[in-house]
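Enquirer: Going by the numbering used here, the first residue of the sequence shown is number 949, and it counts up by one from there. Even for Gly, the Cβ is constructed at its ideal location relative to N, Cα and C.
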Amino acid sequence: MFVLRTVLKELPRVLVLYDVDMPLQQAKKAMEYHFRKYAHVEDERAKSVLLAKGYMELEETLMQWKQQSHVLRLLEVRI
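Now the structure itself:
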């Protein structure tokens, strides 16, 4: 959950950086959905890989190595 907390903390910045016109609450729900997708994983090695991938995705996003369409694809989840 530490990665989720970090992502949610940086989410307003990401929305501004990528000029995404979406309510913050909707973006938070989309991010929570992506994390809850893997809530069933119990293997510690798999968890550590997922955590590392989460941090990498966040870093790439904050460094603006992604395009707006990549960020929108993550945020436009049908909940």
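Return the residue from the list Pro971, Met1011, Leu956 and Asp969 that minimises the CA-CA distance to phenylalanine 983.
Expert: Residue numbering aside, residue 983 sits at position 35 when the sequence shown is read from its first letter. Nearest option by C-alpha distance: Leu956.
Enquirer: Just to confirm before moving on: does the CB-CB distance between valine 1025 and tyrosine 981 stay below 8 Å?
Expert: Counted from its first residue, the sequence shown places residue 1025 at position 77. Counted from its first residue, the sequence shown places residue 981 at position 33. Their beta carbons are under 8 Å apart, which means valine 1025 touches tyrosine 981 by this criterion.
Enquirer: What separation, rounded to the nearest whole angstrom, lies between the Cα atoms of aspartate 991 and valine 997?
Expert: Position 43 of the sequence shown, counted from the start, is the residue given in the question as residue 991. Position 49 of the sequence shown, counted from the start, is the residue given in the question as residue 997. Each residue's Cα considered, the two are about 10 Å apart.
Enquirer: Counting only the same chain and skipping the five closest in sequence on each side, list residues whose C-beta sits under 7 Å from that of alanine 975.
Expert: Working through the sequence shown from its first residue, we reach residue 975 at position 27. Counting only residues of its own chain and dropping the five nearest sequence neighbours on each side, alanine 975 has a CB closer than 7 Å to the CB of Leu959, Leu963 and Leu1023.
Enquirer: Could you check how far apart the C-beta atoms of valine 968 and leucine 1010 are, in whole angstroms? I think they sit under 8 Å.
Expert: Locating residue 968 in the sequence shown gives position 20, counting from the first residue. Locating residue 1010 in the sequence shown gives position 62, counting from the first residue. The Cβ separation is near 14 Å, so there is no contact.
Enquirer: Rounded to whole angstroms, what is the Cα-Cα separation between histidine 988 and lysine 977?
Expert: For the purposes of this step, residue 988 is taken as the residue at position 40 of the sequence shown. For the purposes of this step, residue 977 is taken as the residue at position 29 of the sequence shown. Cα-Cα distance, rounded: 18 Å.
Enquirer: Apply the 10 Å Cβ neighbour rule to methionine 1004 and answer buried if 16 or more other Cβ atoms are within range, or exposed otherwise.
Expert: Residue mapping note: residue 1004 aligns to position 56 of the sequence shown, counting from 1. Exposed is the call here.
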